[in-house]
Amino acid sequence: MQEVESVMASVNAVNSTRAYLKIVPVEVFGSKGSKRILALMDEGSTVSLIDQKVAEEVGAQGKKKELVIETVGGKLLRKKDSQMLDLTVKEVHQGNKKTLKRVRTIDELKLAPQFIEKKRIKGWQHLKKIADSLYYERESPQLLIGQDNWELIVTQEIRRGKPGEPVASRTGLGWVLHGSDVGAARIVHFLNSCLHVSTPDEEMHQAIKDHFAIEALGVQPRRPTEDSEGRALAILEKTCRKLDDGRFEAGHLWKMNLLQDLQVPRCLAPPCTEGELHLQAAFLGSRLAHSVEKGLDLMVAKKTFWTDSSFVLSWINTDPRTFKTFVAHRLAEIEDRTKPQDWRWVHTPQKPTCDATRDVPKHFCNHRWYTETGSLKQEEAHWPAPRSFKKETTGEEKAADVVAAASTFHPSPDPERFSSWKRLWRATARVLQFLQLCRKGEKVNVCKEDPTWKMTQRRKVKTVAKQQRSSKTRERKYIPLDAELLEQAETLLLKRSQKKASEMTSSVYSKGIN
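For the sequence shown, the working numbering assigns the number 592 to the initial residue and increments by one for each residue that follows.
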């Protein structure tokens, strides 16, 4: 709902008769100073307006409120940055200050300028004595005074002349010239707009909304399962934004949200176990004790924490690094603020704090927390004796992965028994060749693969009287070394040398010798 206020400005047609509007020079005051401007007294307007620049120069400020102006033809002009303020003004030729109420600021008021010559005013006999008060320089009015400040624009006295001559009216801001001048011989092109100012009543809007909300209390609107219109409006409200060039940008209004169908087959927030809840209680207790200790001016000599959880006591007396993240972090903070000997075990029936959630009596002031003189309130010698608990697997322990690696090296000839690298190298290759031939004989027939390894066969020997031994020397037969065997021998010797050097270095570092 909007309250529409009409603002009507005077209109001068294009003819030989010149009409003067009620314009008077005034001085505007603010926190930063004052300024002399022209003010248009418009009896057809229901609102007073001032140029935004003038208000900023004099330091006049007020509450921001949206201003809606309806021009001729029904066009709307919205001013969201308009302010409503009270303005102090004074007529230039008098010393009395007046206050304009509910003046609205508008950027670039753009009222047409008006000018009248001083000698022209003195030519009228009825205005000759007040000619100095009616004269002003040619400039555009920057203040419009409407009927909301009628006490400053209403006519209190009037001076008339001959027919066709303008008149002078005395107002709250002094004498002002207005009316038509038939004697003017020039054509006047002067037109003011006819405006309607629409001011939305936000309080009435809110009152109507509250009224309908109360009447519809308990009534739930039923929408279809696939509410495409509501989804489009939600996307528009969430994604719409204004660009630097004045245009607006919004997301695709009919796009489906695929995240609704996304399912993650895991628990993002797994529930805490009973042991973790007991640990959380001990963790909060250590924090509370630390805060109390910081707030006291006294030195705390000893602290004692009681718990009925055997898991918590066993965890506190164990290295936190052996547990998983949840338990390890809380145990680390407990270890920083307390000592393991500060924690003691108490049997659950002897623990008064559990009564706050178990069988709470009606008259809590008579509870054993205040009345019972149990072992916890006695001397330390009467406290429950410390107990040792068997460490059990709770599932919070961190699994230790151990990787054991054993490196074995093939035996090789002793390098110290050889005079040169070449001899050692070839001897190692011969050993590898021998091993290769031995393994080879287990799988295939050596005689077929290598003719030199043919088994001795019995042959028929002719019987002779004397068998003469050949005097020739038997030839030694051997297999030449392949390049592959020589390469394997070299690799084996280098690995053995590196292994020996590594063992020496490790022994030096383990003993701490530089």
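Note that CB positions come from ideal geometry on N, CA and C, so glycine has one too. Computed from a predicted model, the values in this text were never measured in an experiment.
query: Rounded C-beta distance between threonine 913 and histidine 869? I'm assuming under 8 Å.; result: The pair is not a contact, with the Cβ atoms about 18 Å apart (cut-off 8 Å).
query: Let me know the secondary structure DSSP gives isoleucine 744 once reduced to three states.; result: helix
query: Sorted by chain position, which residues of the same chain lie with C-beta nearer than 7 Å to lysine 709's C-beta, five sequence neighbours on each side aside?; result: Ala722, Tyr726
query: Check this for me: beta carbons of tryptophan 1016 and alanine 1092, under 8 Å apart or not?; result: no
query: Suppose the cutoff is 8 Å on Cβ atoms and the five residues either side in sequence are ignored; what does the same chain contact list for alanine 880 look like?; result: Lys894, Phe896, Arg928, Thr929
query: Rounding to the nearest angstrom, what Cα-Cα distance links glutamine 969 and threonine 939 in this structure?; result: 18 Å
query: What does a CB cutoff of less than 8 Å around aspartate 677 pick up in its chain, not counting 5 residues either side in sequence?; result: Gly653, Thr690, Leu691, Lys692, Arg693, Val694
query: Give the single residue among Thr679, Arg711, Gln685, Ala630 whose Cα lies nearest to the Cα of alanine 703.; result: Ala630
query: Work out the CA separation of leucine 667 and histidine 802 for me, nearest whole Å.; result: 29 Å
query: List the DSSP bridge partners of methionine 1095.; result: Its beta-bridge partners do not exist; DSSP assigns none.
query: So, are the CB atoms of valine 617 and valine 680 less than 8 Å apart?; result: yes
query: For glutamate 971 and cysteine 863, what's the separation of their Cα atoms in angstroms?; result: 34 Å
query: Determine the DSSP secondary structure at threonine 939, reduced to helix, strand or coil.; result: helix
query: Unbroken alpha helix (DSSP H) runs of length 4 or more, entirely within the region 615 to 668: which are they?; result: 643 to 649
query: Using only alpha-carbon positions, find the residue among Arg751, Val645, Gln871, Thr944 that is nearest to tyrosine 961.; result: Thr944
query: Which same chain residues end up closer than 6 Å to glycine 921 when comparing Cβ atoms and leaving out the 5 residues on each side of it in sequence?; result: Strictly speaking, residue 921 in this sequence is arginine, with glycine absent from that position. Counting only Cβ-Cβ distances below 6 Å, and skipping sequence neighbours, we find Leu870, Phe874.
query: Can you tell me whether leucine 691 is helix, strand or coil according to DSSP?; result: strand
query: Please identify the residue among Gln747, Val891, Ser771, Glu748 whose C-alpha is closest to the C-alpha of glycine 755.; result: Ser771
query: To the nearest angstrom, report how far apart serine 1088 and proline 1004 are at their CA atoms.; result: 12 Å
query: On the criterion of 16 or more Cβ atoms from any shown chain inside 10 Å, does aspartate 642 qualify as buried, or is it exposed?; result: buried
query: Are the region 631 to 650 and the region 733 to 741 touching by the rule of at least three beta carbon pairs closer than 8 Å?; result: yes
query: Per DSSP, what are the beta-bridge partners of aspartate 772 in this structure?; result: Arg609
query: So, isoleucine 712 versus serine 673, is the Cβ gap smaller than 8 Å?; result: no
query: Where does leucine 879 sit, in a helix, a strand or coil, going by DSSP?; result: helix
query: To the nearest angstrom, how far is the alpha carbon of tryptophan 845 from that of cysteine 831?; result: 14 Å
query: How many Å lie between histidine 958 and aspartate 946 at the Cα?; result: 9 Å
query: Quick one: what's leucine 734 bridged to in DSSP?; result: Ala630, Ile641
query: Tell whether a beta-carbon distance below 8 Å holds between leucine 1072 and alanine 1020.; result: yes
query: Applying the criterion that 16 or more other CB atoms from any shown protein chain within 10 Å of the CB defines a buried residue, is serine 557 buried or exposed?; result: Nothing can be reported for residue 557, as the shown portion of the chain is limited to 592 through 1105.
query: Is the beta carbon of glycine 765 closer than 8 Å to that of glutamine 685?; result: yes
query: Leaving aside the five residues before and after glutamate 884 along the sequence, list all residues of the same chain whose C-beta is less than 7 Å from its C-beta, in chain order.; result: Val891
query: Going by beta-carbon coordinates alone, are glutamine 716 and glycine 752 separated by less than 8 Å?; result: yes
query: Which residues in the same chain have their Cβ closer than 7 Å to the Cβ of glycine 842, if we skip the five residues on either side of it in sequence?; result: Ile826, Thr830
query: First and last residue of the alpha helix (DSSP H) that includes phenylalanine 902?; result: 901 to 907
query: Using the three-state DSSP reduction, which class does phenylalanine 839 fall into: helix, strand or coil?; result: strand
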